[in-house]
Every structure is written in structure tokens, then in C-alpha cells.
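S.K.:
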Amino acid sequence: MSGVSVKELEGLAGPATVEGPEWLEPVRRAAMERFARTGFPSAREEEWRFTPVTPIAQETWQPAWTREPVAAAVSREQIAPFVFGHEEWATLVFVNGEYTPELSTAAGLPDGVLVTSLGEALRNGDEVVRRHLTRYARPEDNPFAALNTALLRDGGFLHVAGGVELSAPLHLLFLTTADAAGTVTHPRNLVVVERNARAAVVESYVTLAPGARYWTNPVTEVVTGANSWVEHARIQRESESAYHVATTQVEVQRDGHYRSFSMAMGAALARHNLNVRLADQYSEALLYGLYITRGEQLADTHTVLYHDHPNCHSWEVYKGILDGRSRAVFSGKVVVQPEAQKTDAKQTNRNLVLSDHAKVDTKPQLEIFADDVKCTHGATVGRLDERARFYARSRGLPAEVADRLLTYAFAAEVVDEVAIAPVREELDRLVFERLGAL
Amino acid sequence: MLSINNLHASVDGKEILKGISLTVNPGEIHAIMGPNGSGKSTLAQVLAGHPAYHVTDGQVLFEGRDLLDMEPEERAQAGFFLAFQYPVELPGVTNAYFLRAAYNEIRKSRGEEELDSMDFLDLLEEKLKLVEWGPEIMQRAVNAGFSGGEKKRNEILQLAVLEPRLAVLDETDSGLDIDALRTVAAGVNKLRRPDNAFIVITHYQRLLNYIVPDRVHVLSDGKVVMSGGKELALELEAKGYEWVDAQAEALAQ
Chain A
12 MSGVSVKELE GLAGPATVEG PEWLEPVRRA AMERFARTGF PSAREEEWRF TPVTPIAQET
72 WQPAWTREPV AAAVSREQIA PFVFGHEEWA TLVFVNGEYT PELSTAAGLP DGVLVTSLGE
132 ALRNGDEVVR RHLTRYARPE DNPFAALNTA LLRDGGFLHV AGGVELSAPL HLLFLTTADA
192 AGTVTHPRNL VVVERNARAA VVESYVTLAP GARYWTNPVT EVVTGANSWV EHARIQRESE
252 SAYHVATTQV EVQRDGHYRS FSMAMGAALA RHNLNVRLAD QYSEALLYGL YITRGEQLAD
312 THTVLYHDHP NCHSWEVYKG ILDGRSRAVF SGKVVVQPEA QKTDAKQTNR NLVLSDHAKV
372 DTKPQLEIFA DDVKCTHGAT VGRLDERARF YARSRGLPAE VADRLLTYAF AAEVVDEVAI
432 APVREELDRL VFERLGAL
Chain B
285 MLSINNLHAS VDGKEILKGI SLTVNPGEIH AIMGPNGSGK STLAQVLAGH PAYHVTDGQV
345 LFEGRDLLDM EPEERAQAGF FLAFQYPVEL PGVTNAYFLR AAYNEIRKSR GEEELDSMDF
405 LDLLEEKLKL VEWGPEIMQR AVNAGFSGGE KKRNEILQLA VLEPRLAVLD ETDSGLDIDA
465 LRTVAAGVNK LRRPDNAFIV ITHYQRLLNY IVPDRVHVLS DGKVVMSGGK ELALELEAKG
525 YEWVDAQAEA LAQ
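Chains as they are written, first to last, in my numbering: chain A, 12 to 449; chain B, 285 to 537.
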């Protein structure tokens, strides 16, 4: 799409910009100008070759905030299925993009932990936000991130001060209702875990309207401070008619440990850009993911690991299960800079295709400019193992039970890597349920 | 119990079984011996219903039913069991889950009530003793990362839990050290009953010191060329498979 004017975008940005801090305005304006110049990416661009975004670009999306607020119509009972049985966890709930304090909880947090909506933090002139917000997810990297920056209004904000441990996870819950139909939201999250601190964050995108057509365009920035430890689970269960284009931008400082699990099972078109910069020595990133698609769904994962310094370690395992006429795209880039000697990076992408009409495009890309490194990658696309099927059937399991069991097992291997136990158990249940219905 | 009549089977268009006939009665143990490539494992796979093998002629009746007309899972549900020569690894599926699923599918097919996980654990405890294993093994993925000996022992554990009427042990002794061999053999002997039967396929006589067969059959080039009592195994061990080939040739002329 071309011909978006800055003026039009300003119109979309709405009154929140007025309340935003002064420092943000030039950033926002630059992002707007950037997007106005580039427009939506075209399929001619390598990064978007397999994921045509024309269905998003051609539609007119109304900013969700211009609609009547509906948060009051959502009850605690309605969000209960999405909180992993832990409603006592600090939870920020956003209904159709709007922060909903009545459904949120942030009680009993230790000193040094701040959990609040980003909108609130911006209005309060939070210093941490000023230092970090928009520093990592750069508008020039991706038009969708530019648009998010141009139009950001709200999202979750977590700050964990140095040496502090957040014992229970923070849950950022983005919920859509039937009123979201035809709207776009640009959730913006910021997680800053300082030196020697520890935290777990769950980011969920769920819906009460399984058939609704809307667009979610989130950006999450995560700062993993020196010698800190961050667990990040991301669960995308949007309506299967919705669009979800997300960027997660992670910075890992010296001796920092970042671990993520990304589950994608919703949306008609889902794209997740996960960019992790190992920004100093001895930092580490473990990235796990699972996408399960059916019907006409498209799930696209683009990850980039930047090894900028020596002695860093990255480990990545993504798996996919595809049925129907669905498609998956996996692009895993690992960039090892000349000074990043002793890099240890391993990447695996395995896809299980259950139908003749499903399709996977998987593309590992190693860009290695250092000579003393250990980097491997592997990608597979295949059907269920016939030997395993026969073995299971020979023990009395009917063919369809055997298939379901083996498919579940394929997923379970990576779901087992979810570090937060209640989230792991819930994902396990979701996978089981979904495979029964594939 | 099992009656094989003139069984011919091929894989990839190549005939491997060239007319096998064999009858097994309840309470019996039969040993099938023969050199590599004689068709021993093919026979086992055909009986289990492996889709890669095509039966071109002959019949197999199992408990009065046409075995060859049944799906692999129906054979298991009817009480047929194959202990695989190369047990398959199932990463991500725990032994406990797999065994209970198999056990309950078989019960379900017979109109019996399924066991819940607590009751199943009780049953398992007793069966684990048979193979001298602790309960830890149940939380490991089926055969994943198991040693050769552990895989074979796991086959015997499945056999013990599923309690088939007829079990075929396909070279269960290969790759086992003497202690593991004894454990496996003792397990099988304890599972012997007047109403079940075993077919033990082996290349060597060694296993038959521990599992004593009622009948021994020697396979060569897809046919049973000799049958006899347990002493045939010893004779075979002493004289080697060349002796069988000579006998087979003599027979052919």
C-alpha cells in the first residue's frame, strides 16, 4: 500500500499522542514518516516473500479506541479460561486494546517491581520508559513495527529493579470481543529486567469471538539486564479470521539469560518477528516455538539472532504441525559478527505435515563472519514416521489414535520446554484438544 | 490357535516367503531358526500385518479368524503380539501413557471397561517385577535413548501387560548380554500358560537353553525345511546352517 499520508496517520493516532511525553513525539513522527514512505511491505521483498500482507493492506481498519469501550461488558468469568488457573498472578488485561483496570491485578508485588499499563507510565513520565521504549524495535527494520511506534497508545510495562526476583509470572492478556471486528490495535509492551534480577512474563493474545476479523499489530521490547534471567512465553490464539503481525525485540546484556516459548495457533495470517541481540559477552538465548495450523491459516515465524560479541550461546527449536491447506513459513537467521568468536549457536526447525495440501517454506540462514564458532542448523518437513505408526498399531492402537498420539508427541517434545509450569500444562492441554479437532 | 497354510509373501516385488505351513496349539512354544535372509523376520512382520509386505498366496487362521484380513490393531486386539527385532523409538510418548493406551484399546475392543491411571499403576507394578525394572522407566519416552537390551526388555514388559494369546518374539535375544537374556527368558517363562502360545524366532540356539521349545522349525529360502523337537536346535548348533542347506537341497531333489 502506498499513498498513506502522515496526516492520515496522525488522524489514526488519536488523542493519546497529545498526552504522551514530549520525548516520544519526534520518535513517533519519524516512525510515521517512515511508514508513510514505505507503506506495507510487498511480496517482492525477501522478508515477506511467502507472506502476502495484501489482505491487511487493502482493508480499511478502524482504530479500536474510536469504538465505544466494551471492557465493562467483559466479566472475570470470561477471562478465567485464559489465566492458567492463576488469577492471583499480576495480570494486565486489555480488552480490544484498551487497558481494563477492573479486570487487572497487580497486588503483592515485591519492592522494586513496577507493573502498570504503558499508557499510565507514559503519562507519569516514567524514566525507565523514556530510557528504553522504542530503543530496540526500530521503525526502519519493519514497516509494521514503524506503524506500531507511530500509533502506540497502550500495552504492558514491567520494570524489575536490580537484584529483585519476581516470583510469579506477569501476565499480559490481550483479549478481543466481537466488537473488535473491523478494528486494528497496536499493543506496545516494554519489559525491563535490570542487573541480577529475575522475571517471567506471559503474553497472550486470545479472543472471545472466534470468527471475528480484526488486526492486532503488537510490538514487545524486552531488556534482559546483565546477569539477569528472563522467561518469556507468548501465546497467540487469535480468532482464525484475524490478522496478527507482531515484533518481539530482545536485548540480552552480559551474562544475561533469555528464554522464550512462542505458541501460534490462531489467526488467518500470523507473522511473528523475534529478534534477539546478544549484546554482550556470555549472554544466552533459548528460543522455542510451536505453530499449529489448519484450514487456510498461515503462520510465519521470522527469527534473527545477532551474535555481536564473543562467548555467547543461542539455542533455537521451532516445530510446526500443519493440516488442511494451511501454510507455515520459518526463517531463522543467525548473524555472527567478526568479533563474536566462540559463538555457539544451534537452530532446528521441524515440521510435521498432516495433509497433502499443507505447505511449509523453511529457510535457515547463517551469516557467519567469525572463524572460531560452532554453528549448526537443521530443517525438516515430513509426514508421520511409518515405522512408529505401525509399531503403535501393532500394540492395538487404531490408526487414527496412533496418528493423534504421535502428532501430540511431536508437539509435546517442544511444549515440555515451557519453563513456567502452569503455562506448560495449559499449552499441553490446548495442543491435545486441538489435535483431537484437526 | 494359529494355523499357517502355504503362506507366500513378497516385499518390493521380491518373493521372500515361498509356501510356509505351520500349526501352533495353545500351551506350546515353537522355535523358528534359520540363517539370515531365510525369511524368519518377514514371517513375523507378515503375521503382524506390516503394510510393506504383500501376501501373494496362502491362509493364516488365528483363533478361527482370517488373520490376514485384519488391520494390525485388530490383530493386537484379537490377542496377537509381536516383540519387534528393532523396537521403535517414540520420543514424546511416555512408556506409562503408551502402555495404558494400548491396554485400554485392547480392553475396549473386547467390550471391557478401561482402567484408570491408578488401577493401571497397580497392574504395572506387578508386571515391572517380571522384567526386574523399577517404576522410573515408565516416565521415559518409549524406547527413546534406550540401550539395545532395554528395548528388548521393554518389549517383554509390553507383552506382560497386554497378555496376548500368541506372542512372536523376533530375535529378542540378539544384542543381549547373558544377564539380560536370562531376565528376558525368565519373564517369558513366567508368562507361559496352558492357554497361550509363543513363537520364538532366533538365529542362535543360546536362547533355547532358557526358553525350551516344544517344536523347532528350520527356515531356509522362505520355506520350512526341517521340523523336530528341541533336540533339533542342538543338532543345528553342532552342524551349522550349511547342514540345513545340504538337507534342503537333498529334499529338493
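Idealized CB from N, CA, C, for every residue including glycine.
Closer than 9 Å, Cβ to Cβ, to anything on chain A: give me those residues from the stretch 351-369 of chain B, in chain order.
M.R.: Listed in sequence order: E355, P356, E357, E358, R359, A360, Q361, F364, F365, L366 and F368.
S.K.: Does A328(B) pass the burial test, meaning 16 or more other C-beta atoms within 10 Å, or should it be called exposed?
M.R.: Start at 1 with the first residue of the second sequence, and residue 328(B) comes out as number 44. Buried is the call here.
S.K.: Could you tell me which of M43(A), T373(A) and E295(A) sits nearest to N238(A), measuring between CA atoms?
M.R.: Taking the first sequence and counting its residues from 1, one reaches residue 238(A) at position 227. Looking at the Cα atoms, E295(A) is the closest of the given residues.
S.K.: Would H368(A) be called buried (16 or more neighbouring beta carbons within 10 Å of its own) or exposed?
M.R.: One-based indexing of the first sequence puts residue 368(A) at position 357. Looking at its Cβ environment, which holds fewer than 16 other Cβ atoms inside 10 Å, H368(A) is exposed.
S.K.: Please report the straight-line C-alpha distance between A331(B) and E251(A), rounded to a whole angstrom.
M.R.: For the purposes of this step, residue 331(B) is identified with residue 47 of the second sequence, where counting begins at 1. For the purposes of this step, residue 251(A) is identified with residue 240 of the first sequence, where counting begins at 1. Residue identity differs from the one stated: residue 331(B) is Leu in this sequence, not Ala. Cα to Cα, the separation comes out at about 46 Å.
S.K.: Can you tell me which of E242(A), E56(A) and F46(A) puts its alpha carbon nearest to the alpha carbon of P150(A)?
M.R.: As a working mapping, residue 150(A) is identified with position 139 in the first sequence. Measuring from the Cα of P150(A), the nearest candidate turns out to be F46(A).
S.K.: Name the chain A residues whose beta carbon is nearer than 7 Å to that of E299(B)?
M.R.: Position 15 of the second sequence, counting from 1, holds the residue named residue 299(B). In chain order: nothing, as chain A lies at least about 21 Å away.
S.K.: Is it a yes or a no for the stretch 328-344 of chain A touching the stretch 298-314 of chain A, going by three-plus beta-carbon pairs under 8 Å?
M.R.: The stretch 328-344 of chain A vs the stretch 298-314 of chain A: in contact.
S.K.: By a C-beta neighbour count over all protein chains shown, 10 Å radius and 16 as the cutoff for buried, is F380(A) buried or exposed?
M.R.: Translated into positions along the first sequence, residue 380(A) becomes position 369. Looking at its Cβ environment, which holds fewer than 16 other Cβ atoms inside 10 Å, F380(A) is exposed.
S.K.: Which one of A290(A), V340(A) and D439(A) has the shortest CA to CA distance from S325(A)?
M.R.: Along the first sequence, one-based indexing puts residue 325(A) at 314. Answer by Cα proximity: A290(A).
S.K.: Would you mind giving the Cβ-Cβ distance between V372(B) and N427(B), rounded to the nearest angstrom? I have them listed as a contact below 8 Å.
M.R.: Working through the second sequence from its first residue, we reach residue 372(B) at position 88. Working through the second sequence from its first residue, we reach residue 427(B) at position 143. Right, the Cβ-Cβ distance comes to about 7 Å (below 8 Å), so this counts as a contact.
S.K.: Counting only runs that start and end within the stretch 202-270 of chain A, where is the beta strand (DSSP E) found for 3 or more residues in a row?
M.R.: You should have 209-218, 230-235, 240-248 and 254-263.
S.K.: Quick check: the Cα distance between W34(A) and T145(A), rounded to an integer number of angstroms?
M.R.: Position 23 of the first sequence, counting from 1, holds the residue named residue 34(A). Position 134 of the first sequence, counting from 1, holds the residue named residue 145(A). Going by the C-alpha atoms only, they are around 11 Å apart.
S.K.: What does G429(B) touch in chain A if you count any residue whose Cβ is under 7 Å from its own?
M.R.: Position 145 of the second sequence, counted from the start, is the residue given in the question as residue 429(B). Those within 7 Å of G429(B) in chain A number zero; the least Cβ separation is about 13 Å.
S.K.: Any beta carbon from chain B within less than 9 Å of L446(A)'s own beta carbon?
M.R.: In the first sequence, the residue the question calls residue 446(A) occupies position 435. Chain B contact via Cβ: absent.
S.K.: Tell me, please, which residues DSSP counts as bridged to T196(A).
M.R.: In the first sequence, residue 196(A) corresponds to position 185, counting from 1. For T196(A), which the question treats as bridged, DSSP gives the partners T227(A).
S.K.: On the DSSP letters alone, give me the boundaries of the alpha helix (DSSP H) that S337(A) sits inside.
M.R.: The residue labelled residue 337(A) in the question sits at position 326 within the first sequence. Careful: S337(A) lies outside any alpha helix (DSSP H) and carries neither H nor E.
S.K.: Going by beta carbon distance, what residues of the same chain come within less than 6 Å of E521(B), once the five residues before and after it are set aside?
M.R.: For the purposes of this step, residue 521(B) is taken as residue 237 along the second sequence, with counting starting at 1. Contacts found: Q489.
S.K.: Residues of chain B with CB under 9 Å from Y216(A), in chain order?
M.R.: Here the question's residue 216(A) lines up with position 205 in the first sequence. The contacting residues do not exist; Y216(A) stays about 26 Å from chain B at best.
S.K.: According to DSSP, is M285(B) part of a helix, a strand, or is it coil?
M.R.: In the second sequence, the residue the question calls residue 285(B) occupies position 1. DSSP places M285(B) in coil when its eight states are reduced to three.
S.K.: Alpha carbon to alpha carbon, what distance is there between A101(A) and R270(A)?
M.R.: Within the first sequence, the letter at position 259 stands for residue 270(A). Within the first sequence, the letter at position 90 stands for residue 101(A). Their Cα atoms are separated by approximately 20 Å.
S.K.: List, in chain order, every chain A residue whose beta-carbon is nearer than 9 Å to that of E389(B).
M.R.: For the purposes of this step, residue 389(B) is taken as residue 105 along the second sequence, with counting starting at 1. Those are R406, G407, L408, P409 and V412, listed as they occur along chain A.
S.K.: To the nearest angstrom, how far is it from the Cα of M510(B) to the Cα of H501(B)?
M.R.: The sequence position of residue 510(B) within the second sequence is 226, counting from 1. The sequence position of residue 501(B) within the second sequence is 217, counting from 1. Near 6 Å, if we compare the C-alpha coordinates of H501(B) and M510(B).
S.K.: Tell me which residue opens and which closes the alpha helix (DSSP H) that S401(B) is part of.
M.R.: Numbered from 1 along the second sequence, position 117 holds the residue referred to as residue 401(B). Element bounds for S401(B): S401 to L414.
S.K.: Would N228(A) and V261(A) qualify as a contact pair, given that the criterion is a beta-carbon distance under 9 Å?
M.R.: Against the first sequence, residue 228(A) aligns to sequence position 217. Against the first sequence, residue 261(A) aligns to sequence position 250. No.
S.K.: Return the chain-ordered list of same chain residues with a C-beta closer than 6 Å to the C-beta of E176(A), the five sequence neighbours on each side being excluded.
M.R.: Here the question's residue 176(A) lines up with position 165 in the first sequence. Excluding residues within five positions, the ones whose Cβ falls inside 6 Å are R209.
S.K.: Can you tell me whether DSSP reads M422(B) as helix, strand or coil?
M.R.: As a first step, residue 422(B) is located in the second sequence; it is residue number 138 there, counting from the start. M422(B) falls in the helix class under three-state DSSP.
S.K.: Have a look at N388(B), G459(B), R359(B) and A315(B) and flag the residue whose alpha-carbon is nearest the alpha-carbon of E515(B).
M.R.: Reading the second sequence from its first residue, position 231 is the one you call residue 515(B). It is A315(B) whose Cα lies nearest to the Cα of E515(B).
S.K.: Quick one: which chain A residues come within Cβ less than 8 Å of V452(B)?
M.R.: Counting from one through the second sequence, the residue named residue 452(B) turns up at place 168. Going along chain A, no residue has its Cβ under 8 Å from V452(B), so there is no contact; the nearest lies around 11 Å.
S.K.: Can we say the stretch 374-394 of chain B touches the stretch 460-478 of chain B, given the rule of at least three CB pairs closer than 8 Å?
M.R.: Short answer: they don't touch.
S.K.: Please decide whether F482(B) counts as near chain A, where near means a Cβ-Cβ distance under 9 Å.
M.R.: As a working note, residue 482(B) is residue 198 in the second sequence. Answer no: the Cβ-Cβ gap between F482(B) and chain A never drops below 9 Å.
S.K.: Pop quiz: G407(A) and A386(B) are said to be a contact at Cβ under 8 Å. What is the actual Cβ separation, rounded to whole angstroms?
M.R.: What you label residue 407(A) is simply residue 396 of the first sequence in a count that begins at 1. What you label residue 386(B) is simply residue 102 of the second sequence in a count that begins at 1. The Cβ separation is near 5 Å, so the contact holds.
S.K.: Are the C-beta of L365(A) and some C-beta of chain B separated by less than 9 Å?
M.R.: Stepping through the first sequence from its first residue, residue 365(A) is reached at position 354. Output row for L365(A): interface = no.
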